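In the working numbering, the protein residues as written are 213 to 840.
Encoded structure:
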């Protein structure tokens, strides 16, 4: 009977271990707490003020947000609370949307935001419009909306509103409302405007949203929330309730890197084998939003060398017939070699251009992308949609490692990281900047560099990464890993790009074993290469630590557990902590190479033995089963 009990307990242990319910520590994604793009724009445009109307707008009113950047077009819109972007929506009707969230027009969290309290957040308000068409029955307003997209889903109470303005009464009235929910395809709404109180000169309409912060025991998790995306707004006469078809062919998503593995890489590394680095095909996504067959007369790609005086190259993608509502993921071989006269860095501007019918809006028929070859590797596109981190009981001393492959032997000069702010800067916790080699199986191996006392830094410039310099000569080649070792259970909150997907590059270690991240996207961490400025070079033994071997027996244990430590070369003591399944430290001591721990008074269950030295250069966790 006792053996059956032990077998049952082992089964429970395997289930708990494999499903990840250990110590409540976990990897998570959370919304952002500020918008650094808006903050930088305001820094550069120090004269920015609220938009003032100069003339009343005449119909038609049209905006698909493809020609604006960061803020709504001031000729059409009277305020700047909404964020115009192409990184948050999920397959919009056309490139670019206006996003309403919990962040103000300065890119900061609203001062009145609180836990579990709904507050009015963003507005998107038009300039005055001449709607003086008395008795007209053909005026309609239509738009598309989407909750969440690639951001945070608004809760049910975090609604999106549409309001109309009565010029004579000088008041706003709610005419449409949508409760929050999970991500969905963009949905179209059309509203008839025939009430006499609106058919006046000076009519306006606006969108607004409610937002709220969920109560959370970890303040470092609280960030920007409740995203609503609005696109393709049309207000005009001569319409009907069935006028739901945009007669438009439009690009839908931004262009991405022409490199196989990276969004950017060092120019000298690219030159090692350029042909192997480039994707074989050029890719863009566009849609026929019309309900009839449409013709793309020309699809052109223009390549411009930004670092030399070479003539532009234009590649022709041909013409194509598009059936109604067809979404096209265009992919075709191309013949352009990224060659320039520069020896250190390079960049290339690539334009994608659609030529179609004259009545088609031209703003959403052009895309731009800059292919960068500077001094760093990057999987991310420079824009964080959410934040990533390790958090919870048991995540102290957790490790995060990000895999890169250096194409040549070169000096790792620095590591750039893009940290997101959290509510009250709760993620301001020290960590150990760490570099690992590869263990030969595609996992982080030995620590080859570690820098204590690193702290998340927040830059106030557009897409500005903070640079953590490597303060010793460190040459890497092939596969290596950069990341950190935490010193607390708080989330450090690194930027996470959901628009670029990489496989099996993000690893974390909470329980003593390296695990691949379950999330799809890329961390905003970049290793920087180049000439090192260090004048003195420490001995190699000061940089590389030989991985110790820990032996525990017996396991499972009834009474006495023997612990032996081999290959430990650093001359300082080891701290041993024993942690139960609730994340509580129930035993702590120091030892050197061998020790005995009495388990006889411990309850039956699973325990974790965590070994660390005082410099955190060696951290290991082992699992033990206690039986009676």
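No residue lacks a Cβ here, since even glycine has one placed at the ideal position from N, Cα and C.
In this text, all values refer to a predicted model and were calculated from it rather than measured experimentally.
### Query
Whose C-beta lies closer than 8 Å to the C-beta of residue 696 among residues of the same chain, with five residues either side of it excluded?
611, 612, 643, 644, 645, 646, 666 and 704.
### Query
residue 763 by DSSP, collapsed to three states: which one?
In the three-state reduction of the DSSP assignment, residue 763 falls in the strand class.
### Query
Is DSSP giving residue 824 helix, strand or coil here?
Three-state DSSP puts residue 824 in a strand.
### Message
Less than 6 Å between C-beta atoms, sequence neighbours within five positions excluded: which residues of the same chain meet that for residue 554?
### Response
Closer than 6 Å at Cβ, skipping near neighbours: 519.
### Message
Is the separation between the beta-carbon of residue 692 and that of residue 735 shorter than 8 Å?
### Response
Against a cut-off of 8 Å, the Cβ pair of residue 735 and residue 692 comes out as no contact.
### Task
Quickly, what does DSSP pair residue 440 with across the bridge? List them, please.
Beta-bridge partners of residue 440 (DSSP): 312 and 359.
### Message
Rounding to the nearest angstrom, what Cα-Cα distance links residue 330 and residue 310 in this structure?
### Response
Between residue 330 and residue 310, the C-alpha separation is close to 21 Å.
### Query
With residue 531 and residue 510 assumed to form a contact (beta carbons below 8 Å), what rounded beta-carbon distance in angstroms separates them?
With a contact defined as Cβ atoms closer than 8 Å, residue 531 and residue 510 qualify at about 6 Å.
### Rounded separation between residue 808 and residue 723 - CA only
Pairing residue 808 with residue 723, the inter-Cα distance amounts to about 22 Å.
### Task
Grab the span of the alpha helix (DSSP H) containing residue 489 for me, first residue to last.
Residue 489 -> alpha helix (DSSP H) spans 486-489.
### Task
Evaluate residue 587 with the Cβ neighbour count: other Cβ atoms within 10 Å of its Cβ, from every protein chain shown; 16 or more gives buried, anything less gives exposed.
Buried, because 16 or more other Cβ atoms sit within 10 Å of the Cβ of residue 587.
### Query
Candidates 837, 312, 276 and 413: which alpha carbon is nearest residue 766's?
Distances from the CA of residue 766 to each of 837, 312, 276 and 413 were compared; the closest alpha carbon is that of 837.
### Task
Below 8 Å on the Cβ atoms is my guess for residue 444 versus residue 362; work out the distance and round it to an integer in Å.
That belief does not hold up - the Cβ atoms of residue 444 and residue 362 are roughly 18 Å apart, past 8 Å.
#### Entry: Start-end ranges of the beta strand (DSSP E) lying completely within the segment 720-749, minimum 3 residues
Qualifying beta strand (DSSP E) stretches, in chain order: 726-728 and 737-741.
#### Entry: Segments of 4+ residues assigned as alpha helix (DSSP H) that fall wholly inside the segment 392-428
Complete alpha helix (DSSP H) runs here, min 4: none at all.
### Message
Between the segment 333-342 and the segment 354-368, can you find at least three pairs of beta-carbon atoms closer than 8 Å?
### Response
Contact annotation: the segment 354-368 does not touch the segment 333-342, with fewer than three C-beta pairs closer than 8 Å.
#### Entry: Rounded straight-line distance, which links the Cα of residue 763 to that of residue 790
Whole-angstrom Cα-Cα distance: 15 Å.
### Query
With C-beta atoms as the reference, is residue 514 less than 8 Å away from residue 524?
Between residue 514 and residue 524, the C-beta gap is smaller than 8 Å, which places the two residues in contact.
### Query
With which residues is residue 811 paired in a DSSP beta bridge?
Looking at the DSSP assignment, residue 811 forms no beta bridge with any residue, so it has no partner.
### Message
Can you check which of these residues, 793, 824 and 812, is closest to residue 800 by C-alpha distance?
### Response
Checking every option, the nearest Cα to that of residue 800 belongs to 824.
#### Entry: Per DSSP, cross-strand counterpart(s) of residue 528
In DSSP, residue 528 forms a bridge with 512.
### Task
Please confirm whether residue 607 and residue 698 have their CB atoms less than 8 Å apart.
Yes.
### Task
Compute the Euclidean distance between the alpha carbons of residue 397 and residue 652, then round it to the nearest angstrom.
About 44 Å.
### Task
Can you have a look at residue 344 and say buried or exposed, based on whether 16 or more other CB atoms are within 10 angstroms of its CB?
Under this definition residue 344 is an exposed residue.
### Task
Starting from the C-beta of residue 571, find all residues in its chain whose C-beta is less than 7 Å away, skip the five residues before and the five after it, and write them out in chain order.
Only 459 meet the Cβ criterion.
### Query
Since residue 466 and residue 579 are thought to touch, with beta carbons under 8 Å apart, how far apart are those beta carbons, to the nearest angstrom?
Correct: roughly 7 Å between the Cβ atoms.
### Local conformation of residue 576 per DSSP, three classes
Correct three-state label for residue 576: helix.
### Task
For residue 583, write down the residues that DSSP places opposite it in a beta bridge.
Partner(s): 560.
### Message
Taking the straight line between their C-alpha atoms, what separation do you get for residue 873 and residue 468?
### Response
Residue 873 is absent from the model: the chain starts at 213 and stops at 840.
### Query
Is the beta carbon of residue 632 less than 8 Å from the beta carbon of residue 594?
The answer is no: Cβ separation not under 8 Å.
### Query
Which residue's Cα is closest to the Cα of residue 771: 388, 814, 761 and 438?
For residue 771, the closest of 388, 814, 761 and 438 by C-alpha to C-alpha distance is 814.
### Task
Go to residue 459, then tell me how far its beta strand (DSSP E) extends in each direction, as first and last residue.
Residue 459 -> no beta strand (DSSP E), and no H or E assigned at all.
### Task
Consider the C-beta atom of residue 589 and the heavy atoms of the ligand ATP; say whether any pair is separated by less than 7 Å.
Here there are no bound small molecules, and the ligand ATP is not part of this structure.
### Message
Tell me which residue opens and which closes the alpha helix (DSSP H) that residue 481 is part of.
### Response
It spans 479-482 - the alpha helix (DSSP H) in which residue 481 sits, taken as one unbroken run.
### Rounded separation between residue 545 and residue 527 - CA only
The alpha-carbon separation between residue 545 and residue 527 amounts to approximately 10 Å.
#### Entry: N- and C-terminal bounds of the beta strand (DSSP E) containing residue 375
It spans 372-378 - the beta strand (DSSP E) in which residue 375 sits, taken as one unbroken run.
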